[in-house]
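K.L.:
Heads up: the sequence shown is residues -22 to -1, 1 to 154, going by mature numbering (1 follows the signal peptide of the UniProt record, and there is no 0).
Just so you know, even glycine gets a beta-carbon here, dropped at the ideal spot from N, CA and C.
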Amino acid sequence: MTTTRTLLLLLIVCFLISPSLATNVTYDGRAIIINGERRVLISGSIHYPRSTPDMWPGLIQKAKEGGLDAIETYIFWNAHEPTKREYNFNGNLDFIKFIKIVQDAGLFAILRIGPYVCAEWNYGGFSVWLHQIPGVEMRTDNEIFKAEMQNFTTLIVDMVKNERLFASQGGLIIIA
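1. Which residue from K40, E59 and C96 puts its Cα closest to that of G105?
2. Give the straight-line distance between the Cα atoms of V3 and P35, rounded to the nearest whole angstrom.
3. If you count every other CB in all the chains shown that lies within 10 Å of the CB of E98, and 16 or more means buried, which is it?
4. From E141 to I20, what distance separates their C-alpha atoms?
5. If you draw a straight line from the C-alpha of G44 to the C-alpha of D82, how long is it?
6. Can you tell me whether L(-7) is buried or exposed? The criterion is at least 16 other CB atoms within 10 Å of its CB, across all chains shown.
7. Excluding sequence positions up to five away, which residues of its chain have a Cβ less than 7 Å from the Cβ of H25?
8. Report the partner residues of S23 according to the DSSP bridge assignment.
9. Could you say which of Y101, Q110, E64 and I151 lies nearest to T130 if we only look at CA atoms?
10. Buried or exposed: P112, going by 16 or more other Cβ atoms within 10 Å of its Cβ?
11. Is I91 helix, strand or coil when you go by DSSP?
12. Tell me which residues share the same chain as Q128 and place their Cβ nearer than 8 Å to its Cβ, disregarding the 5 neighbours each side in the sequence.
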């Protein structure tokens, strides 16, 4: 009985503490406010697909030693969905692993889901198959394009939510 009570008490304590682990991120029109404190963040880009996973800890550590507070990265649609509804999040495309390494380094993350990426990246990060959809007009208020974009964006947001990586969940992603 004592073990049951101890486990129950531990569970209650964990439940009460977990909301306090969330980071409150707001914006007042002039600055980002993190947990009530105005912050000027120094961020830098690391594009995870341009390096191998074994390089990520060293790159992130060098960024931290250089004075960065946050790592910013694009999510490259054409790398993750080269064929419609066929996804790749393995190897150097495992952005969740990359973000967790950023978190382990004690830095914030800025996730740029796109859909367009300005990174000297093939086709601006758009999947080539988009162009083959009848009636699609990319980078416009086109319903077909917006539906495809929403599908991919929702997938990425759900993956991040499932890993509890958003600041409101206690994670490190302060802007997405």
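P.N.:
According to the data block:
1. The count along the sequence shown starts at 1 and reaches residue 105 at position 127. Checking the sequence shown, residue 105 turns out to be Ser, not Gly. Ranking K40, E59 and C96 by Cα distance to S105 puts E59 first.
2. Within the sequence shown, residue 3 is the residue found at index 25, counting from 1. Within the sequence shown, residue 35 is the residue found at index 57, counting from 1. In a straight line, the C-alpha of V3 is about 26 Å away from that of P35.
3. Counting from 1 along the sequence shown, the entry for residue 98 is found at position 120. Exposed: under 16 other Cβ atoms inside 10 Å.
4. In the sequence shown, the residue the question calls residue 141 occupies position 163. In the sequence shown, the residue the question calls residue 20 occupies position 42. If you take the alpha carbons of E141 and I20, they lie about 25 Å apart.
5. Working through the sequence shown from its first residue, we reach residue 44 at position 66. Working through the sequence shown from its first residue, we reach residue 82 at position 104. Approximately 17 Å between the Cα atoms of the pair.
6. Taking the first residue of the sequence shown as 1, we reach residue -7 at position 16. At L(-7) the pLDDT is 38, less than 50, meaning the model places this residue with poor confidence and gives no usable figure here.
7. Reading the sequence shown from its first residue, position 47 is the one you call residue 25. If the five residues before and after H25 are omitted, its C-beta is found closer than 7 Å to the C-beta atoms of T51, Y52 and A97, all from its own chain and listed in chain order.
8. Residue 23 sits at position 45 when you count from the first residue of the sequence shown. Answer by DSSP bridge pairing, in chain order: E50.
9. As a first step, residue 130 must be located in the sequence shown, where it is residue number 152. Note that residue 130 corresponds to Phe in the displayed sequence, not to Thr. For the residues Y101, Q110, E64 and I151, the minimum Cα distance to F130 belongs to E64.
10. Translated into the one-based positions of the sequence shown, residue 112 becomes position 134. P112 comes out exposed.
11. Looking up residue 91 in the sequence shown gives position 113. In the structure shown, I91 sits in coil (DSSP, three-state: anything other than H, G, I, E or B).
12. Taking the sequence shown and counting its residues from 1, one reaches residue 128 at position 150. So the list is empty, once near-sequence residues are dropped.
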